[in-house]
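So the protein lines, in turn, are chains A and B. Here this note's numbering is used: the first residue of the first sequence is 364, the next is one more, and so on. Here this note's numbering is used: the first residue of the second sequence is 2, the next is one more, and so on. We treat Cβ as the ideally placed atom computed from N, Cα and C, and that holds for glycine.
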Amino acid sequence: QKEVEQDPGPLSVPEGAIVSLNCTYSNSAFQYFMWYRQYSRKGPELLMYTYSSGNKEDGRFTAQVDKSSKYISLFIRDSQPSDSATYLCAMKGGSYIPTFGRGTSLIVHP
Amino acid sequence: NAGVTQTPKFQVLKTGQSMTLQCAQDMNHNSMYWYRQDPGMGLRLIYYSASEGTTDKGEVPNGYNVSRLNKREFSLRLESAAPSQTSVYFCASRAKFDTEAFFGQGTRLTVV
C-alpha cells in the first residue's frame with residue numbers, strides 16, 4: 364500500500380459543478396498537506412497548502428484536512444473549463460521530501 | 002523571472018546511449034529534486050539534494066546518477082538508457098523553510 368492514495372480518475376463534470384477531490388494517507392507524521400495543479404504538458408504548480416488539520420479557503424477553492432481519518436479534500440466551487448487539469452495531493456512531515464499522490468485528472472466540460 | 006529551467010525539453014535516445022538532463026534555478030533555493038512521471042504512477046522521486054554538496058537517493062534511483070554542480074544547478078545522468086526510462090522528468094527546487102516546491106516544465110524522454 365502506498366503512503367498516499369489518490370484515485371486517478373478521470374473525473375468529468377459539467378461547468379458550474381462542485382468538484383470534490385480526495386486523498387488518503389497512512390503516515391501519521393505528515394503535517395503539511397498540499398494540492399498541486401498540473402496542466403497538460405506543464406510542470407505542477409502549488410495551488411494551496413494547509414498545516415495540520417482544518418480548512419483553508421482561497422476563492423473558489425477549499426482545502427480540508429481530517430488528520431483523525433487521514434483524509435484530505437480539495438473542493439472547487441463553480442468549476443470552469445479552465446480548471447481542467449490533473450490535481451496532485453502532496454504531504455510531508457519534517458523532512459525535505461514531499462510524498463505525492465498519483466494525481467486525479469479533472470475534465471470540466473462546457 | 003525564469004524560476005526552474007530544464008534542458009532539453011524533448012529527447013529521443015537509443016537503448017544504451019547516455020545523456021545528461023540539465024536543471025538550473027535562479028531563486029537561491031537550497032533543495033533540489035529530480036522526479037519522473039509516468040501514466041498512473043504519479044511523481045516518483047529519483048534523487049534529491051537537500052543542500053549544495055549533498056545528494057541522496059529517492060524512491061527510484063537505479064539507472065541514474067546526479068551532480069549538484071553548485072547551488073543553482075542539479076543534473077541527472079542516464080549512463081546507459083533503457084526503454085523503461087521512457088518518461089517525463091521534472092526538476093524541482095524549494096527554499097529551506099518553505100513548503101512550496103517549484104517545478105520546471107519537464108523533459109520528455111523516449112528511449113527506443
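Reduced DSSP secondary structure (H/G/I, E/B, other) of Asp370 (chain A): Judged by DSSP in its simplified three-state form, Asp370 (chain A) adopts coil rather than helix or strand.
So which residues of chain B does Lys405 (chain A) contact, with C-beta pairs closer than 8 Å? Gln106, Gly107
If contact means a Cβ-Cβ distance below 7 Å, which residues of the region 78 to 109 of chain B contact chain A? Phe91, Thr100, Glu101, Ala102, Phe104, Gly105, Gln106, Gly107
Using a Cβ-Cβ distance cut-off of 8 Å, determine whether Tyr49 (chain B) contacts chain A. yes
Hey, could you find the ends of the beta strand (DSSP E) Leu46 (chain B) is sitting in? 43 to 50
What span of residues does the beta strand (DSSP E) with Arg73 (chain B) cover, start to end? From DSSP, Arg73 (chain B) is part of no beta strand (DSSP E); its letter is neither H nor E.
In terms of alpha-carbon separation, which member of A:Ser436, A:Ser389, A:Glu378, A:Ser416 lies closest to Pro473 (chain A)? A:Glu378
When the Cβ atoms of the region 386 to 400 of chain A are set against those of the region 432 to 447 of chain A, are three or more pairs found closer than 8 Å? yes
Looking at C-alpha atoms only, which residue of B:Gln23, B:Lys58, B:Lys72 is the closest neighbour of Asn29 (chain B)? When each option's Cα is compared against that of Asn29 (chain B), the closest is B:Lys72.
Quick check: what's the CA-CA separation for Ile381 (chain A) versus Ile439 (chain A)? 6 Å
Best match in B:Ala93, B:Ala25, B:Pro9, B:Thr111 for proximity to Tyr36 (chain B) [C-alpha to C-alpha]: B:Ala93
With three or more C-beta pairs closer than 8 Å as the rule, is the region 41 to 60 of chain B touching the region 71 to 88 of chain B? yes
Measure how close the beta-carbons of Leu451 (chain A) and Leu44 (chain B) come, nearest whole angstrom, since I'm counting them as under 8 Å. 7 Å
So is Pro371 (chain A) in contact with chain B if we call contact Cβ pairs under 8 Å? yes
Per DSSP, what kind of secondary structure is Ser85 (chain B) in: helix, strand or coil? helix
DSSP on Pro461 (chain A), reduced to helix/strand/coil? coil
Specify whether the region 5 to 20 of chain B and the region 100 to 113 of chain B touch according to this definition: at least 3 beta carbon pairs, one from each stretch, less than 8 Å apart. yes
Pro377 (chain A) by DSSP, collapsed to three states: which one? strand
Is the region 17 to 32 of chain B in contact with the region 98 to 109 of chain B, if contact means three or more CB pairs nearer than 8 Å? yes
I'd like to know if Met20 (chain B) contacts chain A, where contact means its C-beta is closer than 8 Å to some C-beta of that chain. No - not a single Cβ of chain A is within 8 Å of the one on Met20 (chain B).
6 Å CB neighbourhood of Ala1 (chain B) in its chain, flanking five on each side removed: Outside the shown range of chain B, which is 2 to 113, sits residue 1 (chain B), and nothing can be said about it.
If the cut-off is 9 Å on Cβ atoms, which residues from the region 383 to 412 of chain A count as contacting chain B, listed in chain order? Here the close residues are Tyr395, Met397, Tyr399, Gln401, Arg404, Lys405, Gly406, Pro407, Glu408, Leu409, Tyr412.
Grab the span of the beta strand (DSSP E) containing Lys455 (chain A) for me, first residue to last. 448 to 455
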